[in-house]
Amino acid sequence: MIKLSLTSRNCVSTSLPLYNCNEGSLLGFPLKKGKLDSSDSSESDPSPPHMEIYISREETVRGIYDKLQNHKYIQVRGTPASGKTSLAKLLHEYIVRNEHEPRVTRVLVWNPEEKMPRGGWVEWLSPRWSFQPGSVLIVDEAQSAYWDMTFWLELKAIKPESSFRVITFASYGSAGRNINDPLTPIHISPRQDISLVPHDHGDQIAVGLLLTKPEFDHFVNKLFVDHYFDILFLDSVFDITHGHLGACEDFLRIVRAHKSYQLLKSTGKRYTVDDFTTGIPMAEFLELLTTSSTFSRGLPVTEHLRHPPLAQVFRDVLLTGSTVVDEAFDQPNNAVVKSPLRICFESGWLHNEIINPLNPTRVTYTFASPLHERYVQCMLLGNLEEGVISESRIKDFVIAIIRKFIPLNLSASRTFGTTTQSTPEAQFRDEFYRASMSHTKGSVLSFPEFGNKRGRIDFFIPSKKWGIELLRNGNRINAHVARFTTGEYGRWIRDQKMNDYCIVDFRTSRPRSNHEVNNNLLYAVSTDKWKTIDVLDNW
1 MIKLSLTSRN CVSTSLPLYN CNEGSLLGFP LKKGKLDSSD SSESDPSPPH
51 MEIYISREET VRGIYDKLQN HKYIQVRGTP ASGKTSLAKL LHEYIVRNEH
101 EPRVTRVLVW NPEEKMPRGG WVEWLSPRWS FQPGSVLIVD EAQSAYWDMT
151 FWLELKAIKP ESSFRVITFA SYGSAGRNIN DPLTPIHISP RQDISLVPHD
201 HGDQIAVGLL LTKPEFDHFV NKLFVDHYFD ILFLDSVFDI THGHLGACED
251 FLRIVRAHKS YQLLKSTGKR YTVDDFTTGI PMAEFLELLT TSSTFSRGLP
301 VTEHLRHPPL AQVFRDVLLT GSTVVDEAFD QPNNAVVKSP LRICFESGWL
351 HNEIINPLNP TRVTYTFASP LHERYVQCML LGNLEEGVIS ESRIKDFVIA
401 IIRKFIPLNL SASRTFGTTT QSTPEAQFRD EFYRASMSHT KGSVLSFPEF
451 GNKRGRIDFF IPSKKWGIEL LRNGNRINAH VARFTTGEYG RWIRDQKMND
501 YCIVDFRTSR PRSNHEVNNN LLYAVSTDKW KTIDVLDNW
């Protein structure tokens, strides 16, 4: 028996000076001069160009349109590459296609203050848009307009009975109702807010930026024609991305270009979860994500993660899945030097949601998807170039990982956005992943979410060809054991895809007797809420 005493540990980061944040440079793109795209019934081609490249998202667009009809002003908020611009174009096209005499003006980006004419935004938009009855103003990249208080004060006066409609698409904005919060200069009710995840705040219209599963399936078939992706593999991609458009696209593009996928072309076989798990080292995959053109827009770079205040924000979110604030976290008279949380939020690295519409001053900040979370966790705790596993035996490796468990991580309930983590097993998978990242300096395992809902192995280490399965209190232990003997992973062992495996049963009481399995089972027992763990070898 090995007895482990677990204590909390703090990570050490080098210092990076805190920077002042200006619109545009903070978000990773230069400010552009304001651009308009307008349509009315007199034009021969009133729809936005190149709409054939987009999936229709008919139900989502219809839901956004219905909300706009009901409230006359709504905002759509989402992290970079979550599909805001494509939805703005789809809504534009939908209105032109369905209204009798449509008059739509779409602002691609707001005019910067120094470029605005003397008459302000009203002069800039006229004569294309000037509150005409039945008209629609669509403002993309609306965060570029946050400086223009006169525009937002005009939106404040919009009522359900107004004759015109306005919708803004922004990469960040206030999810709460604190009117002094400078992130959005007006109070927007939950019913007027469309975020990443669909929520029905009482108007029976629940839509969100994230792709639904049918939309994801349509997206894959349209963008990756004649692909070789297995259905269960695609389901796993949807699970780990939550339907985040940029994450879905870059994930599949990376896999399609990889040799593990290309080798299947001549075989007629489908690319499976197992092909991904055994064929692409996670360090390589995460490195490719870093250089991706779309997904990387919402990722912090190494220099950001070396800055202690920013790193601490991410650690807080990684600990329980989110961080909650009760009030606006910057005062209007102190907006130049911004808090670390606000920097992370405005940069698109975190997203916020109201926890409870009845108490909208409490807002939770979280990652846009599990893939975003795993990327930040790997970059924060590990080093893709220096990762190494020093243990020669899988059990020694597993025990070394358990030594790095933090009790608080196992006792606190975890959330993703406003959703509590579904199973106790997931909490232990998260902590095992985190501790392994810390122990190996980034010699990462397979993602714990990927394929796990469909009975795939919890962790696989390609460099060692080791498989690790985690249980809670002996749940379905015989079925898990069979997978490594007579089941699918038994074939992995026979085909030399896997050299060794370990099943770890995390328990709150000692087992009554040893299991009949051979020397591949460890019991990790704690009777004091995981402050200490006794590791028992089944052999």
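The sequence shown runs 1 to 539 under UniProt numbering.
Using N, Cα and C, we set each Cβ at its ideal position, and we do this for glycine too.
In this text the structure is predicted, and so the values were computed from the model without any measurement.
Taking the C-alpha atoms as reference points, what is the distance between residue i and residue j?
i                 : j                 : result
isoleucine 493    : arginine 483      : 11 Å
aspartate 140     : phenylalanine 219 : 22 Å
residue 575       : tyrosine 489      : Absent from the model: residue 575. The displayed extent of the chain is 1 to 539, so no value can be given.
serine 526        : alanine 400       : 17 Å
methionine 498    : glycine 467       : 7 Å
threonine 532     : lysine 213        : 42 Å
glutamine 132     : serine 163        : 8 Å
leucine 27        : histidine 351     : No answer about leucine 27 holds up, because its pLDDT of 26 lies below 50 and its placement is not dependable.
tyrosine 65       : tyrosine 375      : 34 Å
valine 481        : arginine 57       : 43 Å
glutamine 312     : histidine 439     : 19 Å
phenylalanine 151 : tryptophan 121    : 7 Å
arginine 512      : phenylalanine 238 : 40 Å
arginine 510      : valine 504        : 13 Å
proline 300       : glutamate 101     : 45 Å
arginine 306      : serine 195        : 30 Å
isoleucine 394    : glutamate 431     : 18 Å
glutamine 262     : isoleucine 254    : 11 Å
aspartate 275     : threonine 85      : 34 Å
alanine 257       : aspartate 500     : 30 Å
glycine 348       : glutamine 496     : 43 Å
lysine 259        : glycine 83        : 29 Å
tryptophan 530    : alanine 479       : 26 Å
threonine 364     : arginine 191      : 18 Å
arginine 491      : alanine 145       : 59 Å
alanine 524       : phenylalanine 459 : 17 Å
Secondary structure at residue i, three-state DSSP: helix, strand or coil?
i                 : result
aspartate 148     : coil
glutamate 249     : helix
glutamate 99      : coil
threonine 85      : helix
valine 76         : strand
tryptophan 349    : coil
leucine 288       : helix
threonine 532     : strand
alanine 524       : strand
tyrosine 54       : coil
phenylalanine 450 : coil
tryptophan 121    : helix
alanine 426       : helix
arginine 393      : coil
tyrosine 228      : coil
alanine 283       : helix
residue 548       : Nothing about residue 548 can be read from this structure; the chain reaches only from 1 to 539.
isoleucine 406    : coil
glutamate 154     : helix
tryptophan 466    : strand
Near residue i, what residues of its chain come up, given a Cβ to Cβ distance below 6 Å and the 5 sequence neighbours on each side ignored?
i                 : result
phenylalanine 397 : Glu391
aspartate 40      : Reliability of the predicted coordinates at aspartate 40 is poor, the pLDDT of 45 falling under 50, and the value obtained from them is presented with this limitation in mind. These residues qualify, in order along the chain: Arg103.
threonine 168     : Gln75, Val139, Ala142
proline 340       : Pro309, Leu310, Val313
threonine 60      : Val207
lysine 67         : Ile74, Ile205
isoleucine 188    : Gln75
To which residues of the same chain is residue i closer than 8 Å at the C-beta, ignoring the five residues directly before and after it?
i              : result
lysine 265     : Tyr228
tryptophan 124 : Gly34, Asn111, Met116, Pro117
aspartate 148  : Trp110, Glu113, Met116, Gly120, Trp121
asparagine 334 : Because the pLDDT of asparagine 334 is 48, which lies under 50, any placement of that residue in the model is unreliable, and the number read from its coordinates should be weighed accordingly. Excluding positions up to five away in sequence, the list is empty.
isoleucine 95  : Tyr65, Pro102, Val104, Val136
Hey, residue i and residue j are a contact pair by Cβ (cut 8 Å); roughly how many whole angstroms apart?
i              : j                 : result
proline 370    : histidine 242     : 7 Å
leucine 381    : phenylalanine 428 : Incorrect: roughly 17 Å between the Cβ atoms, too far for contact.
leucine 90     : tyrosine 54       : 6 Å
serine 236     : valine 273        : 5 Å
isoleucine 355 : valine 324        : 7 Å
residue 540    : glycine 298       : Since the first and last residues shown for the chain are 1 and 539, residue 540 lies out of range.
leucine 155    : valine 166        : 6 Å
histidine 199  : alanine 368       : That pair is no contact at about 16 Å.
isoleucine 158 : lysine 222        : Between lysine 222 and isoleucine 158 the Cβ distance is about 36 Å, and since that is not below 8 Å, they are no contact.
In chain order, what residues of the same chain lie with their CB nearer than 7 Å to the CB of residue i, ignoring the 5 residues before and after it?
i             : result
aspartate 326 : Thr361, Arg362
alanine 435   : Ile401, Lys404, Phe405
glutamine 377 : Leu318, Arg434, Met437
Three-pair Cβ contact test at 8 Å for the segment 255-270 versus the segment 313-324: no
The segment 247-255 contacting the segment 196-208, beta-carbon criterion three pairs below 8 Å: At 8 Å Cβ cutoff, the stretches do not touch.
Please determine if the segment 273-283 and the segment 291-301 are in contact, where contact requires at least 3 C-beta pairs separated by less than 8 Å. no
On the three-pair Cβ rule with 8 Å, is the segment 75-84 touching the segment 92-111? no
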